[in-house]
Amino acid sequence: MATRLDRLLVILDTGSTPVTRKAAAKQLGEIQKLHPHELPNLLGRVFVYLRSKNWDTRVAAAHAIQAIAENVPEWNPDGLKIKPEEYCALENVNLDGKLRFEDFDINTVLERGEKLLGSAGEEYDFEDTILSGMSRSETIAHQRQQLKKKLGFGGNMDLGFDSMLDDEDLVTTNNVGDGGGSKKVMSQLSTESAADIVASQIAAISSDGQMSSREKNRAKRKAKSLAKQRSKENENRSFDTGEGPAEKKQRRTQSVLVEQPSEDGKIMIDNVSDGTMSMDELDEWPFEAFCVELCGELFNPSWEIRHGASSALREIVKLHGNSAGKTRDTPSMKMIDVNTEWLEDVALKLLCVFALDRFGDYVSDEVVAPVHETCAQTLGTVLHHMPKGSVIKVLSVLIKLQTQEKHWQVRHGGLLGLKYMLAVRKDMAIELLPDTIPWILKGFQDGDDDVRAVAAAALLPVAEDLGSHFQDEIPNMLTILWDILLELDDLTASTNSVMMLLSSLITITTNSNDLPAMTELNELVPRLWPFFRHNISSVRLSSLKTLDILIDSSKNTSWLSTILAEQMRHLYQRIILEESNEIRSMACEVWLKVLKAVPIHFLQQTVNWHAPTWFRLLIHPPNIPIDYSLLTYQNNSGGGQKSKGKNETTAEQYYVANINVAMDQTTQDSLIFTARITAARAIGNLFAIFTQDATKQTLMFLLTAIETFIASSSGSKILVSALVLHEWARACPNLQCPPTVVETLHRVLSNQIVYDELLYLHQRLQIDSQALVNAFAENGLDILRGATVDSYTLDMSNVIAGSLYNESCKSLPASALPMIQSRQRQLTTTIETFQNDYQKLHIRVLSSVAGSLIALNRLTEKLNPIIHPIMDSVKKEENTKLQKRTAIALAQLLTLCKNRTPCPNAKIVKNLCTFVCSDPNHTPPLILDDMKRLDVDSALPLSSTDAGPSTLEEIPKCGTTLGILTLQRKQKEALRNTASRRGKLTRNNSSNTTSRSGSNQSAKEMGVTAALLKEIESDEANASLVVQRLGGTTALSTCAERMGEELPIILPALWDTCCNYVINTVKMSTDQVHNEAELKQIINSLQVLEATVLALHQSLKKQTKSLLPHLLNCFNYPYTSIRHMASRCFGVLSKVITTETMEIVLTKVVDVLKQSENVMCRQGAIEAIIHIIENLGMDILPYIVLLIVPVLGRMSDHSEEIRLMATNCFATLVQLMPLEASIPDPPNMSDFLIKKKEDERHFLDQLLDGSKLDKFSIPVPIKCELRKYQQIILH
């Protein structure tokens, strides 16, 4: 049986999420705390995962090392007490043979050291042991066969592969019989391995001074440990701190009394493991051997191993750097020197990695050097513990790395070291910066863009020190940074770092009143504009943030007025064209700050000139490229500012929200409307600025354009105009909108409009309708009976394609029917398309207009023209962003109408609750026996590994009284996923049963496919119900959020539905009788509760505690649907009021599981537990021990459904068991549950570990001594 340590290591390696892996790492630290004597073995077990090829595994292993180190006490030995004269004799003796700055030459490492790349390349070499002893023909035949297997040409098929390659192509460059002795000869002549270089440095140092034999042996062992190359098969290691030869370790034991025999006068004593360990028993630092191993791994040819070693070393030094290198036999006066020597040794080895590591990968256009970065972080932790003198020595080596003109990787690594040095040793910033600034400035102008990026990032931690002590350097830095912007383009990656440093320095400059730099901003800021359209999103965001900081930091914004027009054009253009919501929102925020920062008369000039262009961009058709004359761009190469003309030839085309044909229609729709909503916000706030203008001239100019748009027949114009007015009203709460605009909005709600966007469909409708009429006329039938039609309406076309067609076809000969039927199908398709597109656009237009009237507080005398489009949008709108805006408008409307007579709120809430409960796949009906399908949109995710039935017929059907709906849905979803993975969910596979592949499928498999395809078609037919349910849920949750504590006052009908009805109807007695209407209302009330409870105000959430006993009583109802909804409510309430819900679950629901006589109650209880587990996720950890034993008991239930659900719960809980031990009890957990938790944990420990069984005393005396295994069996 796997131990807890084994299970934790498995999670460390294969955990599904970083959170799970980190929790396992924390548990490993708890093991170290409980078993301190096992530190070497524990480090050895984790060491394997530091060498993993998987990035997440290495990161988790580093977290485990950190957790282990946190539970190791600080090593601080007293040392030897020696006389001062003996101490003087030892001053110049290097006891450990470590690297020293006085004897270290980084140039030697650069010249002679072998470069560290991604790997040594051995994984691509042939196995010489296999080829040795073979003749040339046998070698060629073997290689040919292996190559065929790798390329997938195995088997007996003759595909002409042998003719592709000649024998010469398969001959190795080395002689087969030489045993690989000539391998890598050339590389060895010119370079030495990094480990050998470091070992030679240590050997040179160790030759100085007189050393004892013991000291020489220690130095040799350490040098050998650094130089040797380790194989990956050497996985399980133990890092001892002992000094003697490798011999079998003796575990510490202690004598204890054990169970006594029956004979008098005998006392039995046994030796057991002693889990205690004192730091006084060690001779050297507990991590010494492990760190020696890690330092050696820093020079491994594989970059993954180097990365893992540096990560682990970073965590150890961060926590125990002050203890490193100290031994018990070190003189007490030399303790600090020994620690400094150890730190210097590690620092020099890290610097060697900077010099030799050449591995780099690329994410987007930016280099990622994981070994450099991690080693730089490790160097930062080392520098944190170093004395100032040693830090200066490290700085001197880092500066030498900057002189390497041929290798940009070396300069890159050196600057990373400088970056973390300045970040960690801010106390030395004044001393370090004079020597550092010249080299960082040189890095700004480096030919490699990645070096420039690190150079810019290096100064960010000390920007404040620059402003306080090196103000003379800032103008030069700013000049260089502004000039760098002229050299950057779409392929440069340093833009982000340059922007961040630039904004930081500008902030410092502004605070220090450096006015000359500010007066040039009108010339410098335009250099940012090209980066608004950079290909990398982080660069676009950084440029906007830089401009944002400039505006916030400027005490005098006169520079902004001189470039206002083009600045606003660039910002508005970014809002329209941007696809990222974060960047679009940032551009809008900068736009709003610009509006507030400049005088209004400058805005008037800009708006009068450019507002028409902004409106054209706002209403631009999304699928048509934007006219170049509407756009502007800045060229830093000297072309200056200009607009793109129509005749300009360019390969790039711009669309609203940067949509492309590869996106699905839903994604395009979402991006387009998000861009339009944000642009409407920008224009609406522009209206708000001019509302404060006394002349109102510009405001009337803008309102004239908006009023013209509203009065048009274009749906897009009306829609965006309504959005602008809505945002204007939000920016000015007490806005008095001109009556003419309000009247125009009211006319839109009452008039029937044929939208310009649908004219092509209207023309298609005229053509197809007339074509069908002409087809009948050609056969002698006048279906219009002599009437003349100038224009076919949608209703008239429906009549022609419906009743008139059916009546007239009876009089036609059979030969004329095919053509007539074809034209009728064409007309029907056109009608359906026209109806769908018109309804979609019409709902969006009317709901936006109604929303703007609500925001303006200009309601009509009769509310139906406003309520109807709002409710239609909630019910039918598929775009979630527009649906959310409609929900906000509806919440505002309900608030405005709370005191209105008659008040429509109750009716609106009733309709919303109906929407929420309209989907039978989500809200099950009371009677289930006649249901054809139940694969609902379940809230539970299903593990793909769940075993289940192989056909729909094998899935147990839920009846009205018995069954578990959650189980049925999970099994159907598992079956669907399995069929989808096998490629069965295609119509071709279901219909083409005569094909060769289809003929091999069993009839059973084809039955599954046909049934599942039928269910998919049903899903498509029910898509409108899903939209309706989601819309109702969004509306109710939005009302709950915005009304807060006043929800029961403003919407008492909603509060009664989701809370009071359940409390008043579901009584505590089990013999109550309800009619069918009441039972259905209970289901609906529970559904509304589930939809709204997460959005309730905190004070209202606490009141839901009173629902828990009534939900528990729902398990007594003989209706599967009621039990199912009560279980789902338990799940969602466990997230809202966790402590109160779990108190009921652990004291009441668990008891229901034990009711062997009532299978329905047990079904409801186990279903509630699975919902609670899924909803709480990792928050279930404190309660696992209390749940796992009751669930374990239900795995042997006589009901198959309960057994399956209990097995599912148990599998989930067991996976989380290793993470439970260190989780503290919830603060409000009762004493009863705490005691019960201890008892359950004790039981589980005995169940999983036989050595922890309670002692059992035999009541009858026996005259023998039981053996150990007999005692275990007896206990």
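Under numbering that gives the first Met the number 0, the sequence shown has 1093 at position 1094, and the numbering climbs by one with no breaks.
The C-beta atom is built at its ideal place from N, Cα and C for all residues, glycine as well.
Query	Result
Simplified DSSP assignment, three categories, for Q403	coil
N-terminal and C-terminal residue of the alpha helix (DSSP H) that Y1268 is part of	1267 to 1273
Alpha-carbon to alpha-carbon, T326 and S536	53 Å
Whole-Å CB distance - V1135 paired with L1093, under 8 Å assumed	7 Å
CB of L757 within 8 Å of CB of L881, strictly	no
Paired residues, beta bridge with E314 - DSSP	Answer is none; E314 lacks a bridge partner.
Contact check, L7 vs A23, beta carbons under 8 Å	yes
S712 vs Y754 beta-carbon contact at 8 Å	yes
Range of the contiguous alpha helix (DSSP H) that encloses R746	738 to 749
Reduced DSSP category for G446 - H, G, I as helix; E, B as strand; rest coil	coil
CB contact flag (L523, V497, <8 Å)	no
Close Cβ partners of V1281 (< 6 Å) along its chain, the five nearest in sequence each way excluded	Here the chain covers residues 0 to 1274 and nothing more, so residue 1281 does not appear.
Beta-bridge pairing of T326 - partner residues as DSSP gives them	E283
Backbone secondary structure at L342 - three-state DSSP	helix
E287 versus R44: straight-line alpha-carbon distance, rounded	17 Å
N- and C-terminal bounds of the alpha helix (DSSP H) containing H600	599 to 617
Contact between the region 837 to 851 and the region 779 to 787 (3+ Cβ pairs under 8 Å)	no
Separation of L559 from N878, as counted between CA atoms	38 Å
Those residues which DSSP pairs with L79 across a bridge	P330
Chain-order list of residues whose beta-carbon lies under 7 Å from that of I10 (same chain, five-residue window excluded)	T19, R20, A23, P1217
Three-way DSSP call (helix, strand, coil) for F469 in this model	coil
Straight-line Cα distance separating M585 from W368	Note that residue 368 is Ala in the sequence shown, not Trp. Cα to Cα, the separation comes out at about 30 Å.
V1144 burial status per 10 Å Cβ neighbour count (16 or more: buried)	buried
Integer-rounded CB distance, given that A354 should sit under 8 Å from L414	With a Cβ gap of about 13 Å, L414 and A354 do not count as contacting.
Neighbourhood of T648 by C-beta distance below 8 Å, restricted to the same chain and skipping five residues each side	Caution applies to T648, whose pLDDT of 42 falls short of 50 and renders its modelled position unreliable; the value that the coordinates give is listed next. Counting only Cβ-Cβ distances below 8 Å, and skipping sequence neighbours, we find nothing.
Rounded straight-line distance, which links the Cα of P1108 to that of C1058	12 Å
Neighbourhood of V874 by C-beta, 7 Å cutoff - its chain only, sequence neighbours within 5 removed	According to the sequence displayed, residue 874 carries Lys and not Val. Taken in chain order, the residues that qualify are F914, Q1027, G1030.
Contact check, F1129 vs I1171, beta carbons under 8 Å	yes
Distance CB(T1206)-CB(L961) smaller than 8 Å	no
Closest Cα partner of A596 within the set K418, S395, L549	L549
Segment limits, alpha helix (DSSP H) that includes Y571	563 to 576
Distance, N835 Cα to H761 Cα	13 Å
Straight-line Cα distance separating S1133 from D1178	10 Å
Secondary structure of E1166, DSSP reduced to three states	helix
Secondary structure of E519, DSSP reduced to three states	coil
Boundaries of the alpha helix (DSSP H) in which N1112 is found, first to last residue	1107 to 1112
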